[in-house]
Amino acid sequence: MSVEAWVREFARLVTAEAPRLTELDSAIGDADHGANLSRGLNAVVSALDTSSFPDDGALLKKVGMVLVSTVGGASGPLYGTFFLRAAGALGDGFPAAFRAGVDGVAARGKSTTGEKTMLDALVPAAEALAAGKDWAAVVDAAETGRDATIPLVARKGRASYLGERSAGHLDPGAASATLLVTAAATTLGADG
Amino acid sequence: MKKLINAPADVVVEALAGLAAAHPRLAVDLQNRVVYRADGPVPGKVGLISGGGSGHEPMHGGFVGPGMLDAACAGEVFTSPVPEQILAATKLADGGAGVLHIVKNYTGDVMNFEMAAELAEDVQIATVVTNDDVAVEDSLYTAGRRGVGVTVLLEKIAGAAAAEGRDLAEVTAIAQRVNDRGRSMGLALTSCTVPAAGKPTFDLPDDQMELGVGIHGEPGRRRVPLASAHEAAAMLVEPVLAEIRPDQGVLAFVNGLGGTPLIEQYLLYGEVAALLDKQGIPVVRSLVGSYITSLDMAGASVTLLALDDELLRLWDAPVDTPGLRWGA
């Protein structure tokens, strides 16, 4: 399998889950996370359908550029930066590329874990990958991190404007980030 | 949901096309969703651009014209524009004296404008981030206060400073001063409905209102029982006054959020003016109307700007845009 299959599977999952992501965002954000991300990933799929790439790094770079230029909001720069940074580190293997992407998200968002963001799912997944865990454990790490955002008070993004009222809701960014990990498990994981 | 649209995905582009058709002195780059002065850029003048999600009309495209913005870029509904759009607006506004980016403090807007400024290597860029909403705690632990009503006043006043021929540093300093001397607070009586979502963003029972609401249907500070306009005015004015020091009088701005008619806005303004009068604060200028909206949300916000002589003079300077026009 290839990183192209990973990106396509991520796009499929986000499109399927868009209404749920938007619903999660309605509770603590501005009700556009699913619509924005699926719009960007539809553009990504179109780009993949109509282009060819010399290598996987070039492909991921294109994915990042398309996301930055179509998604908007905070998700565009954050997911765009993830793929751009991952593209640059792909030569060191998937776990290193994934880690580089996650570090890029943290730098772009000036954020860290525990602030009710994408990073709460991405960082545990990156750590599980780096530790050589199997894909089931990597997905489990992301899902556990995602679910752990429920009681947290948001410190970044629009949800932070709610203060204490943001507690009790699953973070939509952590939910979409978990789809990114799930997509990797079902595509890249098929290599065994 | 009942919306006068064709398709949710086409709302922004079709609205911009309509804006351009209605106002021949504006030009629109539909590809990049940028509204700009048809007679621009003005050589030697500092360019002013702003942008943000759509759904706040007339902000920002309706504030493009002599005496205010040179260009504005429109994101999707409630979603910030992307770096390419911001870069396109920057280039259309650049008359060789640099460009001021006016950014409301939302994570996505800040990040996208940052990325655009990194890309615009050959244009001198300064940035001011508005953060006037007292409903949000400003602390190290949040993304900071939101930018709301003050943005309109800042675009007008900084626009006048640029029209006078001030340089980029001076225009930026004036813009920053408007931000520092202005504060806002809003309330919602209903949710708005984002076209792509197709249903109200939040449920608000008939007997309640949301206090401290922003301009994206994101919930406010707290729910309170529905109050009279008299009581509501106090709930909005008191937290605003707690944070500014009006030494020479204020500009009082009552803003409708999209679904509240002017009759209620003026009624609320009367209450606000009476409250300020009672506290001995002279209202030197006023603005009432729907200028920074949240789609079809019913509700209003109050912005108070502590004026000084220079800000007052710049506020009174001519402006000629679809949304604000006087003296021109």
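These protein sequences, in sequence, are chains A and B.
First residue of the first sequence? That's 1 in UniProt numbering, and the numbers climb one at a time after it.
First residue of the second sequence? That's 1 in UniProt numbering, and the numbers climb one at a time after it.
In this text, a Cβ means the ideal position worked out from N, Cα and C, and glycines have one as well.
Asked                                                                                                                                                           : Found
Would you check if there are 3 or more beta carbon pairs closer than 8 Å linking the stretch 268-285 of chain B to the stretch 183-196 of chain B?              : no
Over what stretch of residues does the alpha helix (DSSP H) that includes PHE63/B continue unbroken?                                                            : First-last for PHE63/B: undefined, no H or E at that position.
Please list the residues of the stretch 8-36 of chain A that have a C-beta atom closer than 7 Å to any C-beta atom in chain B, keeping them in chain order.     : THR22, SER26, GLY29, ASP30, ALA31, ASP32, ALA35 and ASN36
With three or more beta-carbon pairs closer than 8 Å as the criterion, would you say the stretch 33-41 of chain B touches the stretch 72-82 of chain B?         : yes
So what's GLU76/B in DSSP terms, helix, strand or just coil?                                                                                                    : strand
Which stretch, first to last residue, makes up the beta strand (DSSP E) that contains LYS104/B?                                                                 : 99-104
Nearest to ALA135/B by CA position, among GLY165/B, ILE5/B, VAL240/B and ASP309/B, is which residue?                                                            : VAL240/B
Against PHE113/B, what residues of chain A qualify as contacts under a CB-to-CB distance less than 9 Å, listed in chain order?                                  : Those do not exist, as PHE113/B stays about 10 Å from chain A at its closest Cβ, beyond 9 Å.
Between the stretch 32-62 of chain A and chain B, which residues of the former have a C-beta closer than 7 Å to a C-beta of the latter?                         : ASP32, ALA35 and ASN36
Quick one, which residues of the stretch 65-94 of chain A are near chain B if we go by CB-CB under 8 Å, in chain order?                                         : VAL68, SER69, THR70, VAL71, GLY72, GLY73, ALA74, SER75, GLY76, PRO77 and LEU78
For a contact defined as C-beta to C-beta under 7 Å, what are the partners of SER301/B on chain A?                                                              : Going along chain A, no residue has its Cβ under 7 Å from SER301/B, so there is no contact; the nearest lies around 14 Å.
Report buried or exposed for HIS230/B, applying the criterion of at least 16 other Cβ atoms within 10 angstroms of its Cβ.                                      : exposed
Mind listing, in chain order, the continuous alpha helix (DSSP H) runs of no fewer than 4 residues lying wholly within the stretch 8-55 of chain A?             : 33-50
Is there a Cβ of chain B sitting closer than 7 Å to that of LEU188/A, yes or no?                                                                                : no
Taking contact to mean at least 3 C-beta pairs separated by less than 8 Å, is the stretch 116-130 of chain B in contact with the stretch 168-176 of chain B?    : yes
Take GLY192/A and list the residues in its own chain whose beta-carbon comes closer than 7 Å to its own, dropping the five residues that flank it on each side. : Low local confidence applies: a pLDDT of 43 at GLY192/A is under 50, so the model's placement there is unreliable, with the coordinate-based value given in what follows. Closer than 7 Å at the Cβ level, and outside the excluded window around GLY192/A, lies no residue.
How should MET115/B be labelled, buried or exposed, when 16 other C-beta atoms within 10 angstroms of its C-beta is the threshold for buried?                   : buried
According to the neighbour-count rule (16 or more other Cβ atoms, all chains shown, within 10 Å of its Cβ), is LEU305/B buried or exposed?                      : buried
Between LYS156/A and chain B, is the shortest Cβ-Cβ distance under 7 Å, so that the two count as touching?                                                      : yes
When DSSP labels each residue in this structure, what does ILE215/B get in the three-state scheme?                                                              : coil
Identify which residue in LEU204/B, LEU236/B, ILE49/B and ARG37/B has its Cα closest to the Cα of GLU218/B.                                                     : LEU204/B
Nearest-angstrom Cα distance between ARG8/A and VAL45/A?                                                                                                        : 7 Å
Our contact map puts VAL28/B next to ALA17/B with C-beta atoms below 8 Å; I'd like the distance itself, whole angstroms only.                                   : 7 Å
Would DSSP call GLY192/A helix, strand or coil?                                                                                                                 : Note that GLY192/A scores 43 on pLDDT, short of 50, meaning its location in the model is unreliable; the coordinates nonetheless yield the value given after this. GLY192/A: coil per DSSP, three-state reduction.
Could you tell me which of THR172/B, LYS156/B, ILE281/B and ASN179/B sits nearest to GLY327/B, measuring between CA atoms?                                      : LYS156/B
GLY144/B and ASN105/B - do their beta-carbons sit closer together than 7 Å?                                                                                     : yes
Taking Cβ to Cβ, would you say ALA47/A is nearer than 7 Å to VAL66/A?                                                                                           : yes
To the nearest angstrom, how far is the alpha carbon of GLU17/A from that of ARG146/B?                                                                          : 29 Å
Chain A partners of VAL319/B, CB-CB under 8 Å?                                                                                                                  : Result: empty, since nearest Cβ-Cβ is about 29 Å, beyond 8 Å.
Counting only beta-carbon atoms, is ALA143/B nearer than 7 Å to chain A?                                                                                        : yes
Would you mind telling me which residues of chain A sit closer than 9 Å to HIS60/B, beta carbon to beta carbon, in chain order?                                 : Within 9 Å Cβ-Cβ: nothing; HIS60/B doesn't reach chain A, min ~15 Å.
Do you know whose CA, among ASP207/B, MET185/B, GLY67/B and VAL12/B, lies nearest ASP320/B's CA?                                                                : GLY67/B
Is LEU170/A close to chain B, meaning its C-beta is less than 7 Å from at least one C-beta of that chain?                                                       : no
Would you verify that the beta carbon of GLY163/A is, or is not, closer than 7 Å to some beta carbon of chain B?                                                : yes
I need the straight-line Cα distance from GLY65/B to ARG37/B, nearest angstrom please.                                                                          : 6 Å
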